[in-house]
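A short write-up of the structure that comes next.
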Amino acid sequence: MAKAIKNNTLKLKFDTLKYAPAPESKSSAKIDAQYDLFINGKFEKPLSKKYFDTINPATEEKLANVADANAADVDKAVKAARNAYNNVWSKMPAKERGKYIYRIARMIQERAREFSVIETLDGGKPIRESRDIDIPLAANHFFYYAGWADKLEYAFPNKQPRSLGVAGQIIPWNFPLLMAAWKIAPALATGNTIVLKPAETTPLTALKLAEIIQESDLPPGVVNIITGAGATGAAIVNHPDINKIAFTGSTEVGKIIQRAVAGTNKKTTLELGGKAANIIFEDAAIDQAVEGIINGIYFNQGHVCCAGSRLFVQEPVYKIVMQKLKDRIATLIVGDPMDKNTDVGAINSKQQLETIHKYINIGKKEGLEIFESSCVLPRKGFFCKPTLFTNVAQSSRIAQEEIFGPVLAIQTFRTDDEVIEKANNTPFGLSAGVWTDKGSKVFNLTSKLRAGVIWANTYNKFDPTSPFGGYKESGFGREGGLHGLGAYLKL
Amino acid sequence: MAERLEVLKTYKIYIGGQFPRTESGRYYVAKNKKGQALANVCLSSRKDVRDAVGSARNAVGGWSGRAAFNRSQILYRIAEMLEGRRAQFIDELVKQDSSPKDAENEINLSIDRLIYYAGWCDKYQQVFSAVNPVASSHFNFSVPEPTGVVAIVAPQNFSLLGLVSVIAPVIAGGNTCVVLASEEKPLCSVTFAEVINSSDIPGGVINILTGKPSELVKYFADHMDINTVVYCENDAATKKLIQEKASLNVKRVFFYDTINWKTDEGQSPYFIADTQEIKTTWHPIETVGSAKAGY
């Protein structure tokens, strides 16, 4: 006989109990009407003479005009970076290089609030996340890598590590400043100069970072930040005077880049998509595991390459996990990203919202069972209800393809072997989660799962000292930690 | 019009985040080469050593429990504070017979050395730890951990750079310390304590005494609550005394007597490793089932 399920989750009654609004003030965010390209230490008008809008995805209001760099602008930026590399940066004593990076870290810390507000306005993520995660982690990343600048020979014994030259870096829109930090900090510490392109929907914090770089007196041309869309990225990838391409984004574009650099001497790092398995065993602490599921898939609206988008629950606890999970989803506050109570903010762009809707429709057509939050979405802006699918098959497209939104695909399993087979049965291999009270089971799983980051009884944890990156089609190379240095060095 | 009279500083010792005078009430006169008196300086006693060790021991748990990143930020903060007071240090170094050029070089090196070790706070673990591929089904790893309270007899010749060079690696690694400053050139040591006191270092992590090594070294060596002794002079009899008395509670002993602190030889993660233990953890890996990581 099936055991009766006891559910002691405290349900908040949102019909009668409402949080008062707690909006963060926009006053600390100084956003110019127009941003030019940051080349050779100065903001310069684009040779393309073109600009595009960046909007607030939560309100669809325009925030600023941003320059659209063409191939000639890219060439100008690469020349500035090459010049700075040859004449200044490669000749500077390593410890002095480190001191510049420390300065940048300190200045981000000093202006953390301003950066948090702009990150949320431009990208739609909850202010709580930009304030507590994105911005502090970005500053910490600079601080950590600053220290490596004069210590490289300790990281690579019996080698004399040398810098590569000019690095072209292309970053995504899900963690705009944090991804800029992940790219810029290790490249500078290892003695390279940089041409960085932020994503077209979230260019503002990278441009504010350019202001800090200017204030820090970093020699002109060492870091160049140019804005644009796919064509600008392609011009960086194909530029003949670039020695290193670092890309974070979709597996689809990653494959195009890998093909494009074939036959050149460009060293490459690719941090691509994921479809992480988040595995709940019957002996797991269920309440913590439910929090881990929520954090795994609804953190940053699910715009996370390592999101725990495939949930595997061991059969004996399936019912209780589902009940608690649905109750928890009902308490998620979806809405104004600038409100400090908000758990799930705005989808980054209209285009991404359409992609997510496309997948939700695919799931429905495949005959999967859908459950979504009963929350009311704001009338303006791009929002999506936290959603989950059950009765999902391994072959279902929503279990196979990266959705990059708040959509969870749930499967069940009976044995360890079964879940290892299912979890590994994907072209991706970025991350995975394991929830169990048994340490020896954790280590069995971590040794069998084919993924670059495994979280045990936790999820979505990041630290500058900890390498991050994927197996298989989730890319190659690591960012963070000692291993992140190797991506920018000749050894 | 009467000239303004300069206010002279009282040079005191630094214990547990406070600036007491020595409990003994004794003093000695620090002089320059010409024999001119520079200041009355505390002549610390055995009781001061004991008090300092007590403060250092109390601070071990908190300091070693800080996140490595936090220790890194705090060492960086010391460097920031030191940079802001460079003029004062140059002045004192010159009083203590440095040329202005040497004094400037010494303060620059001291600031940069603090930055160097700030960087190591969250990196030496990555260099000195290991995952050990044991033959049985266990996850086995070894990591460095601070040894505890470190007693340091600082270099005599560089009153600031020597002090910074021996303190920084010890605290970067999460230890606390009791330092006996340069006897001949104590001024910078006391002023450095003021820098520490304004830079987020918790009280008791660094304790600085002034006095005579000839009197106090033996108390450093036989105190039962000190884990490691670092001695930076080259006196054979003192070295033997330290080694002998260290055996009372199996202290680790390090002699940094041939190091040229002005060069890169004076900074290395191996100075951090000296005051670290290595801890190895075994954890079973379950091997039920037949699934392999074959994809």
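Protein chains in written order, with the numbering used here: chain A, 131 to 621; chain B, 4 to 298.
We treat Cβ as the ideally placed atom computed from N, Cα and C, and that holds for glycine.
Name the chain B residues whose beta carbon is nearer than 7 angstroms to that of residue i?
{"i": "PHE245 (chain A)", "result": "By Cβ distance, chain B contributes nothing, its closest Cβ being about 18 angstroms from PHE245 (chain A), past 7 angstroms."}
Is it the case that the Cβ atoms of residue i and residue j are separated by a distance below 8 angstroms?
{"i": "THR378 (chain A)", "j": "MET468 (chain A)", "result": "no"}
{"i": "HIS226 (chain B)", "j": "VAL63 (chain B)", "result": "no"}
{"i": "ILE231 (chain A)", "j": "ALA276 (chain A)", "result": "yes"}
{"i": "SER162 (chain B)", "j": "MET84 (chain B)", "result": "no"}
{"i": "GLN128 (chain B)", "j": "VAL153 (chain B)", "result": "no"}
{"i": "ASP252 (chain A)", "j": "ASN186 (chain A)", "result": "yes"}
{"i": "ALA437 (chain A)", "j": "ILE427 (chain A)", "result": "yes"}
{"i": "PRO594 (chain A)", "j": "TYR274 (chain A)", "result": "yes"}
{"i": "LEU498 (chain A)", "j": "THR472 (chain A)", "result": "no"}
{"i": "LEU518 (chain A)", "j": "ALA553 (chain A)", "result": "no"}
{"i": "ALA211 (chain A)", "j": "VAL296 (chain A)", "result": "yes"}
{"i": "VAL218 (chain A)", "j": "PRO349 (chain A)", "result": "yes"}
{"i": "ALA40 (chain B)", "j": "GLY207 (chain B)", "result": "no"}
{"i": "ASN195 (chain A)", "j": "THR331 (chain A)", "result": "no"}
Nearest to residue i by alpha carbon, out of the options?
{"i": "LEU359 (chain A)", "options": "A:PHE598, A:PRO302, A:ARG608, A:ASP546", "result": "Sequence inspection shows Ala at residue 359 (chain A); the Leu mentioned does not correspond to that position. Nearest C-alpha to ALA359 (chain A): A:PRO302."}
{"i": "ARG458 (chain A)", "options": "A:ALA437, A:LEU538, A:ILE409, A:SER503", "result": "A:SER503"}
{"i": "GLU526 (chain A)", "options": "A:ASP252, A:ARG440, A:ALA419", "result": "One detail in the question is off: residue 526 (chain A) reads as Ser in this sequence, not Glu. Per the Cα distances, A:ARG440."}
{"i": "ILE288 (chain B)", "options": "B:PHE142, B:LYS265, B:ILE245", "result": "B:PHE142"}
{"i": "SER570 (chain A)", "options": "A:ARG292, A:LEU318, A:ASP546, A:TYR601", "result": "A:ASP546"}
{"i": "SER299 (chain B)", "options": "B:ARG7, B:ILE174, B:GLY176, B:SER168", "result": "Residue 299 (chain B) is absent from the model: chain B starts at 4 and stops at 298."}
{"i": "THR394 (chain A)", "options": "A:VAL383, A:LYS385, A:ASN373", "result": "A:ASN373"}
{"i": "CYS235 (chain B)", "options": "B:ASP277, B:LEU46, B:PHE258", "result": "B:PHE258"}
{"i": "THR485 (chain A)", "options": "A:GLN453, A:GLU532, A:ILE500", "result": "A:GLU532"}
{"i": "GLY600 (chain A)", "options": "A:ALA562, A:PHE573, A:LYS620", "result": "A:ALA562"}
{"i": "ALA392 (chain A)", "options": "A:GLU412, A:ALA407, A:VAL367, A:ASP413", "result": "A:VAL367"}
{"i": "LEU326 (chain A)", "options": "A:ILE314, A:LEU621, A:LYS180, A:ARG241", "result": "A:ILE314"}
{"i": "TRP66 (chain B)", "options": "B:PRO205, B:ASP260, B:LEU251", "result": "B:PRO205"}
{"i": "THR399 (chain A)", "options": "A:PRO306, A:ALA242, A:ALA336, A:GLY298", "result": "A:GLY298"}
{"i": "SER346 (chain A)", "options": "A:ALA285, A:GLN388, A:ARG227", "result": "A:ARG227"}
What does residue i touch in chain B if you count any residue whose Cβ is under 8 angstroms from its own?
{"i": "SER570 (chain A)", "result": "HIS286, PRO287, ILE288, GLU289"}
{"i": "PHE573 (chain A)", "result": "PHE142, HIS286, PRO287, ILE288, GLU289"}
Give me, in chain order, the residues of the same chain whose beta-carbon lies closer than 6 angstroms to that of residue i; leave out the 5 immediate sequence neighbours on both sides.
{"i": "ASP166 (chain A)", "result": "PHE173, GLU174, LYS175, ALA197"}
{"i": "LEU507 (chain A)", "result": "PHE513"}
{"i": "PHE274 (chain B)", "result": "PRO172"}
{"i": "VAL443 (chain A)", "result": "ILE410, VAL451, THR542"}
{"i": "SER596 (chain A)", "result": "GLY610, GLY611"}
{"i": "THR381 (chain A)", "result": "LEU402, GLY403, GLU603"}
{"i": "VAL291 (chain B)", "result": "none"}
{"i": "SER75 (chain B)", "result": "ALA121, CYS124, ASP125"}
{"i": "GLY465 (chain A)", "result": "THR472, PRO508"}
{"i": "GLY19 (chain B)", "result": "SER58, GLY206, GLY207"}
Output the distance between the C-alpha atoms of residue i and residue j, rounded to the nearest integer angstrom.
{"i": "GLN91 (chain B)", "j": "THR194 (chain B)", "result": "9 angstroms"}
{"i": "PHE223 (chain B)", "j": "ALA376 (chain A)", "result": "54 angstroms"}
{"i": "PRO216 (chain B)", "j": "GLU109 (chain B)", "result": "23 angstroms"}
{"i": "LYS148 (chain A)", "j": "ILE463 (chain A)", "result": "10 angstroms"}
{"i": "LEU560 (chain A)", "j": "ARG69 (chain B)", "result": "30 angstroms"}
{"i": "SER271 (chain B)", "j": "LYS282 (chain B)", "result": "21 angstroms"}
{"i": "PRO536 (chain A)", "j": "ILE424 (chain A)", "result": "10 angstroms"}
{"i": "SER139 (chain B)", "j": "GLY321 (chain A)", "result": "42 angstroms"}
{"i": "ALA476 (chain A)", "j": "ASN555 (chain A)", "result": "31 angstroms"}
{"i": "ASP115 (chain B)", "j": "LYS225 (chain A)", "result": "8 angstroms"}
{"i": "VAL447 (chain A)", "j": "ASP417 (chain A)", "result": "12 angstroms"}
{"i": "THR284 (chain B)", "j": "GLU148 (chain B)", "result": "12 angstroms"}
{"i": "PRO291 (chain A)", "j": "ASN111 (chain B)", "result": "27 angstroms"}
Please list the partners that residue i has in chain B, where partner means a Cβ-to-Cβ separation under 9 angstroms.
{"i": "THR595 (chain A)", "result": "ALA71, PHE72, ASP125, LYS126, GLN128, GLN129"}
{"i": "GLY611 (chain A)", "result": "GLN129"}
{"i": "TYR618 (chain A)", "result": "Under the 9 angstroms cutoff, chain B gives no residues; its nearest Cβ is about 16 angstroms from TYR618 (chain A)."}
{"i": "TYR165 (chain A)", "result": "Per Cβ cutoff of 9 angstroms: no residues; TYR165 (chain A) is ~31 angstroms from chain B at best."}
Just to make sure I have the definition right: I need the residues of chain A whose C-beta is within less than 9 angstroms of the C-beta of residue i. Which are they?
{"i": "GLY177 (chain B)", "result": "Going along chain A, no residue has its Cβ under 9 angstroms from GLY177 (chain B), so there is no contact; the nearest lies around 15 angstroms."}
{"i": "TYR119 (chain B)", "result": "LYS225, GLY228, GLY277, ASP280, LYS281"}
Looking only at its own chain, which residues have a Cβ that is under 7 angstroms from the Cβ of residue i, when we skip the five neighbours before and after it?
{"i": "VAL549 (chain A)", "result": "ILE409, PHE442, PHE543"}
{"i": "GLY269 (chain B)", "result": "SER168, ILE262, ASN263"}
{"i": "ILE229 (chain B)", "result": "VAL56, VAL152, ALA154, PHE223, LYS254"}
{"i": "ILE118 (chain B)", "result": "TYR79, ALA82"}
{"i": "ASP371 (chain A)", "result": "VAL208, ARG212, VAL296"}
{"i": "ARG88 (chain B)", "result": "VAL198"}
{"i": "THR189 (chain A)", "result": "LYS510, GLY511"}
What does residue i touch in chain A if you count any residue whose Cβ is under 7 angstroms from its own?
{"i": "ASP115 (chain B)", "result": "LYS225"}
{"i": "PRO272 (chain B)", "result": "TYR284"}
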